[in-house]
Every structure is written in structure tokens, then in C-alpha cells.
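Protein chains in written order, with our numbering: chain V, 66 to 176; chain D, 66 to 176.
Let me begin by presenting the structure, written as C-alpha cells, before commenting on it.
2 protein chains.
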Amino acid sequence: MVRTAQAGKECCPNVLAAPLSETEAGDLARAFAALGDPVRLRLLSLLASAPAGEVCACELVVPVGRSQPTVSHHLKVLSEAGLIVGDKRGRWIWYAVVPERLTLLRRALEP
Amino acid sequence: MVRTAQAGKECCPNVLAAPLSETEAGDLARAFAALGDPVRLRLLSLLASAPAGEVCACELVVPVGRSQPTVSHHLKVLSEAGLIVGDKRGRWIWYAVVPERLTLLRRALEP
DNA sequence: TCGACGCATCGACAGCTGTCAATGCAAAGG
DNA sequence: CCTTTGCATTGACAGCTGTCGATGCGTCGA
Chain V
66 MVRTAQAGKE CCPNVLAAPL SETEAGDLAR AFAALGDPVR LRLLSLLASA
116 PAGEVCACEL VVPVGRSQPT VSHHLKVLSE AGLIVGDKRG RWIWYAVVPE
166 RLTLLRRALE P
Chain D
66 MVRTAQAGKE CCPNVLAAPL SETEAGDLAR AFAALGDPVR LRLLSLLASA
116 PAGEVCACEL VVPVGRSQPT VSHHLKVLSE AGLIVGDKRG RWIWYAVVPE
166 RLTLLRRALE P
């Protein structure tokens, strides 16, 4: 497993500090690409701004105005990018953001 | 002189604070999508880590290992996303990052 | 057991994207 | 003037991506 430094001190590659290696650039690019879609940004926003910090997937379809399969697809993309996690409870799946992952991306853009 | 929107409060949409509108999401998504490519991230990184803060376009082709038209294309994408600016001097064009733009994206990911 | 429900997967399709060779174009330099 | 140089644009193409309807699969309630 490619444990490229998890949340720590010299934790993450920084875009603005030194030239990125190809692998660093590839990893970061996948994460940013996951943010590069308006529907996914809105999904992320809906999850983060929910009082409970998590939202049932069934409540995400209407707000974003896409079909259920499309929403499911976007949730998968966000999930594979490590930006959200899903918790299955009975028939429902509750999704929540992974703040550490967002922090890592924010750090990558720090001066 | 651009004293619009007192820089502090409603400066920029935040993904994690409240549900994004479609236009906000679209605008942010375009910016993040520009970061969603390893070649563009490396270009950005090369510009930012340059001692002079800017780099001649002619010095970007070899490091990223892509053809000159491809590099030109990526520079255009970054430029249209407001992440970099080009300054033409004689035959050369010197590119530099726009730190304010990156700060705005970082803010969008703040808790 | 059975039907309804929630979510994922599949198949298909249009549109977008990254890439390069060829070409165009403006700015020096001769 | 003509040539060279640096960069952008064009045309073309394969691969990826967002989208939806149809379908499959597991989980509950009746």
C-alpha cells in the first residue's frame, strides 16, 4: 500500500513549494479532479452543511437534480477520492465528509 | 481600488459551510477541474517554486515531458481558470501564479 | 414468503479532454 | 526584405466522463 505520508508533519506534497514529482502530481490531480464537477461540489456541500454531519443518500437525489444512478456515481467518485465515506445502516447509507482529506488538499495549496 | 465586497465576510463561497448554489458550484468546479490534471499541477508547481516567481514558457516543455502545443494548451487552461498569468516580453512569455486565486480555492475548502 | 424500498451496477451514448504533428503568426535579427 | 525563434492555433484521434433508463441485489416490513 502506498502510504504516502498520512496526516502528520511533513504530511503532504505542496504544489507551491517545490516541483512535484509525477506520482505526487498524479495523486493530487485525482483528488482535485473529484472536486472538478459542480454536482460533486454540491453533494460535498450538502454533506458538510448537514446538522448531523451526515446525510442519507436518499436525500441527495432531489437537491442536486440528477437521477439516482448519476448521484450514486458521483458519490462513488468522491468516495474513491477519499473525500467522503459511506456508512450502511439497514437499507440506507449515510455519507459524511472526511475533513482530514480536505485539509490535506488545502495544505497542498498553501504558500 | 477594487474595494468591492469588504474582504473578510462574503468574499468567497465555502463548500463546507452552506449548500452551494448551482452557479457557485459551477465556478468553483471549473477552477478545481483546472487543478485536476497532473501536468497542470506540475506546471503550477514549477512556476511557484521558481526563484523569480515566473518562468519563461520555453523552459516548461522539457520538465513536464509533453509537446510544446500540449504545454501551451495546459497553460491556457490554467490561465483561463485565473490560476496563472502570462506576461509577454519580446519573443517570450513569462508565466507566474496568481496566489490570490489559490487562496480563494483554499478558503473554499476551509471548515 | 413476498413485495416494496434503497442503492449499486450495467449498457449505451453524447460531449469533453489530453495528446501530438502540422501549421500559422508575430517578434526579433540578419 | 527574408530567416529564425517562441508561442498559439488547428485538425485529428483515442480515451475519459457525465448522464440516464433498465436491471440487479440486499434489506426491511407486512
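By construction, the Cβ of each residue, glycine as well, lies at the ideal position given by its N, Cα and C atoms.
Can you name the start and end residues of the alpha helix (DSSP H) that residue i belongs to?
{"i": "valine 127 of chain D", "result": "126-129"}
{"i": "leucine 106 of chain V", "result": "103-113"}
{"i": "leucine 143 of chain V", "result": "133-145"}
How far does the beta strand (DSSP E) with residue i in it extend, from its first residue to its last?
{"i": "histidine 154 of chain V", "result": "In the sequence under discussion, the amino acid at residue 154 of chain V is arginine, which differs from the histidine named in the question. Where arginine 154 of chain V is concerned, the enclosing beta strand (DSSP E) stretches over 149-154."}
Between the C-alpha atoms of residue i and residue j, what's the straight-line distance to the nearest angstrom?
{"i": "alanine 72 of chain D", "j": "glycine 155 of chain V", "result": "Caution is warranted here: a pLDDT of 37 is assigned to alanine 72 of chain D, below 50, making its placement in the model unreliable, and no coordinate value can be reported."}
{"i": "alanine 173 of chain D", "j": "serine 137 of chain V", "result": "24 Å"}
{"i": "threonine 168 of chain D", "j": "tryptophan 159 of chain V", "result": "31 Å"}
{"i": "leucine 112 of chain V", "j": "cysteine 121 of chain D", "result": "43 Å"}
{"i": "serine 86 of chain D", "j": "alanine 96 of chain D", "result": "16 Å"}
{"i": "alanine 70 of chain D", "j": "glutamate 165 of chain D", "result": "With a pLDDT of 38 at alanine 70 of chain D, under the threshold of 50, the predicted position of this residue should be treated as unreliable, and no value is reported."}
{"i": "cysteine 123 of chain D", "j": "glycine 130 of chain D", "result": "12 Å"}
{"i": "tryptophan 157 of chain V", "j": "glycine 118 of chain V", "result": "16 Å"}
{"i": "threonine 135 of chain V", "j": "lysine 153 of chain D", "result": "44 Å"}
{"i": "proline 128 of chain D", "j": "arginine 171 of chain D", "result": "26 Å"}
{"i": "asparagine 79 of chain D", "j": "proline 176 of chain D", "result": "8 Å"}
{"i": "alanine 94 of chain V", "j": "alanine 161 of chain D", "result": "20 Å"}
What residue from the options has the CA that sits closest to residue i's CA?
{"i": "alanine 82 of chain V", "options": "D:Glu89, D:Pro116, D:Ala94 and D:Ala98", "result": "D:Pro116"}
{"i": "serine 144 of chain D", "options": "D:Val129, D:Ala99 and D:Asp92", "result": "D:Ala99"}
{"i": "aspartate 92 of chain D", "options": "V:Trp157, V:Arg105 and V:Glu119", "result": "V:Arg105"}
{"i": "aspartate 102 of chain V", "options": "D:Arg107, D:Pro84, D:Ala90 and D:Asp102", "result": "D:Ala90"}
{"i": "cysteine 126 of chain D", "options": "D:Arg107, D:Glu175 and D:Pro78", "result": "At residue 126 of chain D the sequence reads valine, which differs from the cysteine that was named. The residue with the shortest Cα to Cα distance from valine 126 of chain D is D:Arg107."}
Which one or two residues does DSSP pair with residue i in a beta bridge?
{"i": "alanine 161 of chain V", "result": "V:Val150"}
{"i": "valine 120 of chain V", "result": "V:Tyr160"}
How many whole angstroms separate the CB atoms of residue i and residue j, which I take to be in contact at a CB cut-off of 8 Å?
{"i": "valine 163 of chain V", "j": "valine 142 of chain V", "result": "14 Å between Cβ atoms; not a contact."}
{"i": "leucine 109 of chain D", "j": "leucine 148 of chain D", "result": "6 Å"}
{"i": "serine 132 of chain V", "j": "proline 84 of chain D", "result": "About 19 Å; that fails the 8 Å criterion."}
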